[in-house]
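Before any comments, here is the structure.
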Amino acid sequence: MRLTTKGRFAVTAMLDLALRESGGPVTLAGISERQGISLSYLEQLFGKLRRAQLVESVRGPGGGYTLARTVAEISVADIIVAVDEPVDATQCGGRENCHDNHRCMTHDLWTSLNATIFDYLSKISLASLVDNQKAKDTSVVQDQRTLRRTASCSDAIAGSNAA
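Under the numbering used here, think of the first position of the sequence shown as 1235, with each following residue one higher.
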(Lines of atoms letter the chains of each structure in order from A and count residues from 1; the text may use other names and numbers.)
(Lines give C-alpha, C1' and ligand atoms only; values in the text may rest on other atoms or scores of the structure.)
Protein backbone atom coordinates (compact mmCIF):
# COMPACT_ATOMS: atom_id res chain seq x y z
CA MET A 1 0.00 0.00 0.00
CA ARG A 2 1.28 3.40 -0.90
CA LEU A 3 -0.17 6.61 0.43
CA THR A 4 1.34 9.46 -1.53
CA THR A 5 2.18 12.99 -0.47
CA LYS A 6 -1.20 14.20 -1.69
CA GLY A 7 -3.08 12.11 0.89
CA ARG A 8 -0.64 12.86 3.69
CA PHE A 9 -0.70 16.60 3.02
CA ALA A 10 -4.49 16.65 2.78
CA VAL A 11 -4.87 14.96 6.18
CA THR A 12 -2.22 17.22 7.72
CA ALA A 13 -3.87 20.37 6.33
CA MET A 14 -7.32 19.28 7.52
CA LEU A 15 -5.93 18.60 11.00
CA ASP A 16 -4.30 22.04 11.05
CA LEU A 17 -7.62 23.60 9.99
CA ALA A 18 -9.57 21.65 12.61
CA LEU A 19 -7.17 22.72 15.37
CA ARG A 20 -7.45 26.42 14.49
CA GLU A 21 -10.91 27.07 13.08
CA SER A 22 -12.39 28.05 16.45
CA GLY A 23 -10.63 31.40 15.90
CA GLY A 24 -12.45 31.90 12.60
CA PRO A 25 -11.62 30.97 9.02
CA VAL A 26 -8.09 29.64 8.54
CA THR A 27 -5.99 30.86 5.63
CA LEU A 28 -4.12 28.53 3.33
CA ALA A 29 -1.10 30.80 3.71
CA GLY A 30 -1.14 30.10 7.44
CA ILE A 31 -1.40 26.35 6.91
CA SER A 32 1.36 26.57 4.30
CA GLU A 33 3.67 28.35 6.71
CA ARG A 34 2.96 26.10 9.70
CA GLN A 35 3.08 22.80 7.83
CA GLY A 36 5.68 23.52 5.14
CA ILE A 37 3.29 22.69 2.29
CA SER A 38 3.39 24.86 -0.81
CA LEU A 39 0.51 27.30 -1.10
CA SER A 40 -0.26 26.32 -4.69
CA TYR A 41 -0.44 22.66 -3.69
CA LEU A 42 -2.81 23.52 -0.82
CA GLU A 43 -5.00 25.48 -3.24
CA GLN A 44 -5.34 22.37 -5.42
CA LEU A 45 -6.09 20.14 -2.43
CA PHE A 46 -8.63 22.53 -0.92
CA GLY A 47 -10.42 22.84 -4.25
CA LYS A 48 -11.00 19.08 -4.11
CA LEU A 49 -11.89 19.16 -0.41
CA ARG A 50 -14.42 21.92 -1.10
CA ARG A 51 -16.00 19.98 -3.98
CA ALA A 52 -16.28 16.96 -1.64
CA GLN A 53 -18.06 19.28 0.85
CA LEU A 54 -15.50 18.75 3.59
CA VAL A 55 -14.53 22.43 3.77
CA GLU A 56 -16.19 25.75 2.98
CA SER A 57 -14.45 28.86 1.78
CA VAL A 58 -15.09 32.28 3.29
CA ARG A 59 -14.26 35.22 1.04
CA GLY A 60 -13.17 38.71 1.91
CA PRO A 61 -11.11 40.20 4.73
CA GLY A 62 -10.73 37.65 7.48
CA GLY A 63 -11.59 34.91 4.99
CA GLY A 64 -10.15 31.47 4.64
CA TYR A 65 -11.52 27.99 5.16
CA THR A 66 -13.70 26.31 7.76
CA LEU A 67 -14.85 22.73 8.06
CA ALA A 68 -18.15 22.01 6.33
CA ARG A 69 -19.00 19.29 8.88
CA THR A 70 -18.09 18.63 12.48
CA VAL A 71 -14.72 17.02 13.18
CA ALA A 72 -16.55 13.89 14.36
CA GLU A 73 -18.29 13.55 10.98
CA ILE A 74 -15.11 13.64 8.87
CA SER A 75 -12.98 10.50 8.61
CA VAL A 76 -9.44 10.17 7.34
CA ALA A 77 -10.87 8.01 4.54
CA ASP A 78 -13.21 10.88 3.55
CA ILE A 79 -10.22 13.19 3.20
CA ILE A 80 -8.15 10.73 1.20
CA VAL A 81 -11.02 9.89 -1.15
CA ALA A 82 -11.77 13.60 -1.62
CA VAL A 83 -8.30 14.29 -3.01
CA ASP A 84 -8.49 11.28 -5.35
CA GLU A 85 -5.90 9.34 -3.44
CA PRO A 86 -6.32 5.64 -4.14
CA VAL A 87 -5.60 3.27 -1.30
CA ASP A 88 -4.59 0.30 -3.39
CA ALA A 89 -2.12 -2.46 -2.58
CA THR A 90 -2.73 -4.27 -5.87
CA GLN A 91 -0.36 -3.69 -8.72
CA CYS A 92 -3.20 -3.58 -11.21
CA GLY A 93 -5.42 -0.92 -9.64
CA GLY A 94 -8.11 -3.56 -9.20
CA ARG A 95 -8.31 -4.33 -12.94
CA GLU A 96 -7.14 -7.93 -12.39
CA ASN A 97 -4.52 -7.70 -15.14
CA CYS A 98 -1.48 -7.77 -12.87
CA HIS A 99 0.24 -10.88 -14.26
CA ASP A 100 0.65 -10.85 -18.04
CA ASN A 101 -2.82 -9.35 -18.45
CA HIS A 102 -4.32 -11.97 -16.12
CA ARG A 103 -5.27 -11.97 -12.49
CA CYS A 104 -2.32 -12.79 -10.23
CA MET A 105 -2.55 -15.53 -7.61
CA THR A 106 -2.41 -13.04 -4.72
CA HIS A 107 -4.96 -10.57 -6.09
CA ASP A 108 -7.56 -11.44 -3.44
CA LEU A 109 -4.99 -10.94 -0.68
CA TRP A 110 -4.19 -7.39 -1.84
CA THR A 111 -7.85 -6.59 -2.45
CA SER A 112 -8.65 -7.71 1.10
CA LEU A 113 -5.80 -5.56 2.42
CA ASN A 114 -7.26 -2.57 0.56
CA ALA A 115 -10.64 -3.14 2.21
CA THR A 116 -9.03 -3.50 5.66
CA ILE A 117 -7.02 -0.29 5.25
CA PHE A 118 -10.04 1.64 4.00
CA ASP A 119 -12.14 0.32 6.88
CA TYR A 120 -9.43 1.34 9.37
CA LEU A 121 -9.14 4.86 7.92
CA SER A 122 -12.94 5.18 7.88
CA LYS A 123 -13.00 4.59 11.64
CA ILE A 124 -10.51 7.37 12.40
CA SER A 125 -12.27 10.69 12.70
CA LEU A 126 -10.73 14.10 12.42
CA ALA A 127 -11.98 14.58 16.00
CA SER A 128 -9.74 11.76 17.24
CA LEU A 129 -6.74 13.27 15.45
CA VAL A 130 -7.51 16.64 17.03
CA ASP A 131 -7.79 15.05 20.48
CA ASN A 132 -4.49 13.19 20.01
CA GLN A 133 -2.72 16.35 18.87
CA LYS A 134 -4.08 18.41 21.75
CA ALA A 135 -2.99 15.72 24.21
CA LYS A 136 0.52 15.76 22.73
CA ASP A 137 0.65 19.55 22.85
CA THR A 138 -0.47 19.50 26.49
CA SER A 139 2.16 16.93 27.44
CA VAL A 140 4.88 18.94 25.68
CA VAL A 141 3.86 22.09 27.60
CA GLN A 142 3.82 20.11 30.87
CA ASP A 143 7.26 18.65 30.08
CA GLN A 144 8.61 22.14 29.37
CA ARG A 145 7.19 23.44 32.69
CA THR A 146 8.75 20.50 34.54
CA LEU A 147 12.11 21.19 32.87
CA ARG A 148 11.91 24.87 33.83
CA ARG A 149 11.07 24.03 37.45
CA THR A 150 13.89 21.49 37.57
CA ALA A 151 16.30 24.01 36.08
CA SER A 152 15.16 26.69 38.56
CA CYS A 153 15.67 24.30 41.47
CA SER A 154 19.09 23.32 40.14
CA ASP A 155 20.03 26.98 39.75
CA ALA A 156 18.86 27.73 43.29
CA ILE A 157 20.85 24.81 44.70
CA ALA A 158 23.93 25.79 42.67
CA GLY A 159 23.55 29.38 43.87
CA SER A 160 23.27 28.37 47.53
CA ASN A 161 26.30 26.09 47.21
CA ALA A 162 28.33 28.91 45.70
CA ALA A 163 27.50 31.19 48.62
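For glycine and all other residues, C-beta sits at the position ideal for the given N, C-alpha and C. The structure displayed is predicted, hence computed values, not measured ones.
Please state the DSSP three-state secondary structure of residue i.
| i | result |
| --- | --- |
| Gly-1294 | coil |
| Ser-1309 | strand |
| Leu-1301 | strand |
| Val-1260 | strand |
| Ser-1359 | strand |
| Val-1321 | coil |
| Gly-1270 | coil |
| Thr-1238 | coil |
Would you check if the distance between the CB atom of residue i and the CB atom of residue j is smaller than 8 Å?
| i | j | result |
| --- | --- | --- |
| Ala-1302 | Gln-1287 | yes |
| Ser-1291 | Arg-1285 | no |
| Leu-1251 | Ile-1265 | yes |
| Glu-1330 | Leu-1237 | no |
| Val-1364 | Leu-1249 | yes |
| Val-1317 | Gly-1241 | yes |
| Gln-1294 | Gly-1258 | As written in the sequence, residue 1294 is Gly, which differs from the Gln given in the question. Cβ atoms of Gly-1294 and Gly-1258: not closer than 8 Å. |
| Thr-1324 | His-1341 | yes |
| Glu-1267 | Thr-1300 | no |
| Ile-1399 | Ser-1346 | In the structure as shown, the chain starts at 1235 and stops at 1397, and residue 1399 therefore has no counterpart that could be examined. |
List the whole-angstrom C-beta distance separating residue i from residue j, where the pair is believed to meet the contact cut-off of C-beta under 8 Å.
| i | j | result |
| --- | --- | --- |
| Leu-1279 | Phe-1243 | 6 Å |
| Ser-1361 | Val-1310 | Checking the displayed sequence, the identity of residue 1361 turns out to be Ala instead of Ser. The pair is not a contact, with the Cβ atoms about 11 Å apart (cut-off 8 Å). |
| Thr-1261 | Gly-1298 | 4 Å |
| Ile-1314 | Leu-1276 | At roughly 16 Å, the Cβ-Cβ gap does not stay under 8 Å, so Ile-1314 and Leu-1276 are not in contact. |
Checking the sheet assignment: what are the DSSP bridge partners for residue i?
| i | result |
| --- | --- |
| Val-1289 | Leu-1301 |
For chain D, is any of its Cβ atoms less than 8 Å away from the one on residue i?
| i | result |
| --- | --- |
| Ile-1351 | Chain labels in this structure do not include chain D; a single protein chain is all it has. |
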